[in-house]
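Trainee: Numbering (the UniProt record's numbering), first residue to last: 1 to 344. Once you've had a glance at the structure underneath, I'll fire off some questions.
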């Protein structure tokens, strides 16, 4: 074996180092190429729930207009449905306030980004023409109007026959309203759901389970439209004081508002979000805790949530469990809205 000089050994080492450098550069380029092809995954799973009120609608529309990534994520989310419908984007009770053109005292769907840029776009991708899209929307709105009409009719039929026999007992119970709105015993009762509606002309016939003539339907809806649109979620202490005073002094107001909340709920179960606005609820917990005020002692909670749920047969545990979950959900929604507002 020939002798290997130090010079030869150094040349060999130099060649190895050069090859290693070349390999590292090649590997670095490969890694850069792989990194450029990676699709970023969202940190959290995208979620969307049908819009329930004007505040939520404005919030979502701003995101659609200002955040292209959010818009595309929303489209992809809705495309997963086999056949997206307008009530996948708006709740039924909120859609009741709309028609396509905004005529006859209704709000217009046209011009709303959630409708124009999301729903219409999805339907176009399905191959529908403008006329076909209009027809689809009108059919859904027709179904919603009829369901609300039948809900009102069922309530009238259900409660009308027991009005007279319950009137005297309700007048006695209404006296319990004369209490301090900040201290309400949770066991007290003063609303009878059987006296929510006074209609002496109702008979005992079953409510129809089909569609009705437009004139008949509009007549009933018009009769109750003022009641359905009177109460708005409480936003501040001034409104809380005003509503509490009405509850304490006006049993008829309490009955009408209770009726409105029940009929406005899609499943007949009153939600806290119907009674209190997000900005109001941020300072409240069901009971005292985390420096929050106590919601359960407020008169609107007692009259419009607890008593109605109790009359429907729910237990105290069920009522408070549902309330606690909804309060947490409202807190989270408020935080999300606040973060979005601060972001922009």
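Just so it is clear, CB atoms sit at the ideal spot from N, CA and C, and this is done for glycine as well. Note that the coordinates shown come from a computational prediction; the quantities given were computed from them, not determined experimentally.
(1) Between which two residues does the alpha helix (DSSP H) containing residue 125 stretch?
(2) Between residue 327 and residue 278, which are expected to be in contact by the criterion C-beta below 8 Å, what is the C-beta distance as a whole number of angstroms?
(3) With residue 102 as the anchor, note down where its alpha helix (DSSP H) starts and where it stops.
(4) Return the residue from the list 236, 281, 276, 304 that minimises the CA-CA distance to residue 257.
(5) Comparing C-alpha positions only, which one of 323, 89, 118 sits nearest to residue 345?
(6) Please work out which residues of its chain come closer than 6 Å, Cβ to Cβ, to residue 205, disregarding the five sequence neighbours upstream and downstream, and give them in chain order.
(7) How should residue 108 be labelled, buried or exposed, when 16 other C-beta atoms within 10 angstroms of its C-beta is the threshold for buried?
(8) What does DSSP give as the partner residues of residue 234 in its beta bridges?
(9) In whole angstroms, what is the alpha-carbon distance linking residue 309 and residue 34?
(10) For residue 261, does the three-state DSSP call read helix, strand or coil?
(11) Would you call the CB atoms of residue 17 and residue 74 closer than 9 Å?
(12) Straight-line CA distance for residue 273 to residue 230?
(13) Within 10 angstroms of its Cβ, does residue 299 collect 16 or more other Cβ (buried), or is it exposed?
(14) Can you give me the Cβ contacts of residue 79 inside the same chain, cut-off strictly under 7 Å, excluding the 5 residues immediately before and after it?
(15) Below 7 Å CB to CB, which residues in the same chain sit around residue 97 once its five sequence neighbours on both sides are set aside?
(16) Can you tell me the Cα-Cα spacing of residue 330 and residue 339, whole angstroms?
(17) Would you kindly check if the distance between the Cβ of residue 152 and the Cβ of residue 87 is under 9 Å?
(18) Considering only C-alpha positions, which residue in the set 113, 241, 234, 312 is nearest to residue 282?
(19) List in chain order: all unbroken alpha helix (DSSP H) runs of 4+ residues lying wholly within the UniProt domain "DUF4806" (48 to 121).
(20) Using 8 Å for Cβ pairs, my map puts residue 92 next to residue 100. What's the rounded Cβ distance?
(21) To the nearest angstrom, report how far apart residue 128 and residue 134 are at their CA atoms.
(22) According to DSSP, residue 284 sits in a beta bridge with which residue or residues?
(23) Closest to residue 150 by CA distance: which of 264, 56, 292 is it?
(24) Exposed or buried, which one is residue 8 when buried takes at least 16 other CB atoms within 10 Å?
(25) The alpha helix (DSSP H) spanning residue 334 covers which residue range?
(26) Tell me where the alpha helix (DSSP H) around residue 308 begins and ends.
(27) Check whether the Cβ atoms of residue 85 and residue 136 lie closer than 9 Å to each other.
Mentor: So, from the data block:
(1) 120 to 125
(2) Residue 327 to residue 278, Cβ: 11 Å. No contact.
(3) No alpha helix (DSSP H) contains residue 102, which DSSP labels as neither H nor E.
(4) 304
(5) As displayed, the chain neither begins before 1 nor continues past 344, which places residue 345 out of reach and without an answer.
(6) For residue 205, the predicted structure reports a pLDDT of 38, less than 50, and the residue's modelled location is therefore unreliable. A value from the coordinates is still provided. For residue 205, where only same-chain residues beyond five positions count, there are no Cβ hits under 6 Å.
(7) exposed
(8) 276
(9) 58 Å
(10) helix
(11) no
(12) 15 Å
(13) buried
(14) 122
(15) 106, 107
(16) 14 Å
(17) no
(18) 234
(19) 54 to 66, 68 to 79, 92 to 95
(20) So it is not a contact: roughly 16 Å between Cβ atoms.
(21) 10 Å
(22) 293
(23) 264
(24) exposed
(25) 316 to 343
(26) 307 to 311
(27) yes
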